[in-house]
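A.B. asks: Just dropping this structure here.
Residue numbers (the working numbering): 1 to 108.
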């Protein structure tokens with residue numbers, strides 16, 4: 001398993017000085033820390049189950065109502081009806097506003 005470096009050891013990006021962790025698990029890796037979910041760890045975690053109770057960790061899509069310091073509001077769902085059918089779209093949907101809706105994968 002790859003060693004996870006402390007933040008201070010991550011490579012810096014260009015002139016910004018920001019640090020990035022894109023290749024911690026090797027060049028071209030597509031999983032990131034999901035690599036840590038080995039079958040051995042999953043089996044070990046299953047042994048911790050006591051009751052089988054399921055807890056939903058998702059927040060409602062419109063929560064919190066004000067996002068990012070108040071300058072962004074919750075999403076708006078539009079349905080427009082026209083002669084050819086309907087157009088259905090979501091506007092101002094903040095993928096990181098409630099639960100992490102942009103998935104476990106970020107695109108470089």
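Where a beta carbon is used, it is the ideal one built from N, C-alpha and C, also for glycine.
#1: Verify the CB distance criterion: does residue 23 have a CB-CB separation below 8 Å to chain B?
#2: How many Å lie between residue 92 and residue 60 at the Cα?
#3: Expressed to the nearest angstrom, what Euclidean distance is found between the alpha-carbon atoms of residue 30 and residue 21?
#4: Residues in its own chain within less than 7 Å of residue 80 by CB, not counting five upstream and five downstream?
#5: In its own chain, which residues sit with a C-beta less than 8 Å from the C-beta of residue 52, not counting the 5 before and 5 after it?
C.D. replies: Judging by the given coordinates:
#1: Looking at the structure shown, chain B is missing, and only one protein chain is on hand.
#2: Cα to Cα, residue 92 sits roughly 15 Å from residue 60.
#3: Their Cα atoms are separated by approximately 12 Å.
#4: Contacts found: 86 and 87.
#5: So no residue of the chain qualifies.
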